[in-house]
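Residue numbering for the sequence shown is 1122 to 1329, as defined by the numbering used here.
Virtual Cβ for every residue (Gly too), placed ideally from N, Cα, C.
From a predicted model like this one, the values you see are computed outputs, not experimental measurements.
Worksheet: one structure, shown below.
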Amino acid sequence: MLVDDHAVVRSGCRRILEPFPDLEVAEAADGPTALAALAAAPADVVVLDLSMPGMGGLEVLRRLRAADDPARVLIFSMHDDPLLAASGLQAGASGYVTKGDAPGELAAAIRRIADGGTYLSREVAQGMAMARTLDEPADRMTPREREIAALLVEGHMLADIAAALSISYKTVANTLVRLRGKLGARSNAGLVRRLMERGPRLNRPEQE
């Protein structure tokens, strides 16, 4: 379901998703309408704007979670503020992309989230990564751990991370085991969520 108060945005999203006939798209122009529609006909993924008149996107998200609605939520906002992104993730969103991102990124994010993953656009991920360093000594990461964590948050597979950093797959896997222990995560998916929510400073390798 697309939830945005601007008809032109909803129309644009529909055009982006047209090449994917397996995606059935519903719309709502405001929060109360979206909540009522979702209560009547649950959706797999909700693409949710933050800035809407009346009930804002974060309140819609909180009410969905309070009602135990199983829909996975992708925030789709004009703002790339890492604090807003962190607030959305803490409230229960599974991803955050901006309206300035490439059109294909929206479709990729919906696919990833529908499959049970998480998704942050690169700009938002980098902004959150630079926002602050974790204070707890046990959570402090080495430069290599930060590099691997940054690529993991961006959605790269372990083999791709190993290739990007010219290290072995085993080194990547062992590093992620240590990071899961430091941050109290049981899986790599849980580790990604912890990193996204808490916004540690990550050092991403330079792109060639």
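Coil, strand or helix - residue i by DSSP
i               : result
isoleucine 1196 : strand
glutamate 1145  : coil
leucine 1171    : coil
Of the listed residues the options, nearest to residue i (C-alpha basis)
i               : options                               : result
leucine 1156    : Lys1220, Asp1190 and Ala1246          : Asp1190
leucine 1172    : Val1130, Ala1158, Ala1187 and Arg1135 : Note that residue 1172 corresponds to serine in the displayed sequence, not to leucine. Residue Val1130 is the option with its Cα nearest to serine 1172.
asparagine 1309 : Ala1207, Ser1287, Gly1133 and Ala1271 : Ala1271
alanine 1294    : Ile1269, Leu1316 and Ala1235          : Ile1269
isoleucine 1234 : Lys1291, Tyr1290 and Ala1192          : Ala1192
methionine 1249 : Asp1281, Leu1205, Glu1266 and Leu1182 : Leu1205
aspartate 1125  : Ala1161, Val1181 and Ala1162          : Val1181
aspartate 1201  : Arg1183, Asp1151 and Leu1241          : Leu1241
aspartate 1165  : Lys1303, Asp1281 and Leu1123          : Leu1123
methionine 1199 : Ala1188, Arg1183, Ala1187 and Val1168 : Val1168
arginine 1267   : Arg1232, Met1317, His1127 and Gly1225 : Met1317
isoleucine 1196 : Ala1280, Gly1305 and Ile1231          : Ile1231
Cα-Cα separation, residue i to residue j
i              : j               : result
alanine 1223   : isoleucine 1137 : 10 Å
arginine 1299  : proline 1153    : 44 Å
alanine 1285   : proline 1264    : 15 Å
leucine 1185   : alanine 1283    : 38 Å
glycine 1238   : alanine 1149    : 24 Å
serine 1287    : alanine 1228    : 30 Å
threonine 1296 : proline 1203    : 26 Å
aspartate 1170 : alanine 1207    : 15 Å
glycine 1133   : glutamate 1139  : 10 Å
arginine 1315  : serine 1289     : 24 Å
arginine 1135  : alanine 1158    : 18 Å
valine 1194    : methionine 1262 : 29 Å
glycine 1225   : arginine 1183   : 28 Å
alanine 1162   : aspartate 1236  : 20 Å
leucine 1312   : leucine 1279    : 13 Å
glycine 1305   : threonine 1292  : 20 Å
histidine 1127 : aspartate 1151  : 9 Å
proline 1258   : glycine 1302    : Unreliable positioning characterises proline 1258 in this predicted model, as indicated by a pLDDT of 42, which lies under 50. The coordinate reading is nonetheless provided below. Cα to Cα, proline 1258 sits roughly 13 Å from glycine 1302.
Residue-chain proximity (residue i, chain B), Cβ-Cβ < 8 Å
i           : result
valine 1245 : This model lacks chain B altogether, as it is built from one protein chain only.
Please confirm if the segment 1135–1144 is in contact with the segment 1211–1223, defined as three or more CB-CB distances below 8 Å between the two stretches.
-> no
Unbroken stretches of the alpha helix (DSSP H), 4 residues or longer, contained in the segment 1201–1229 | 1203–1212
Can you give, in chain order, each stretch of the alpha helix (DSSP H) that sits fully within the segment 1231–1313 and has at least 4 residues?
-> 1243–1252, 1264–1274, 1279–1286 and 1290–1304
Given 8 Å as the limit, is there contact between the segment 1260–1275 and the segment 1170–1178, that is, 3 or more CB pairs closer than that?
-> no
Between the segment 1239–1246 and the segment 1217–1231, do at least 3 Cβ pairs fall closer than 8 Å?
-> yes
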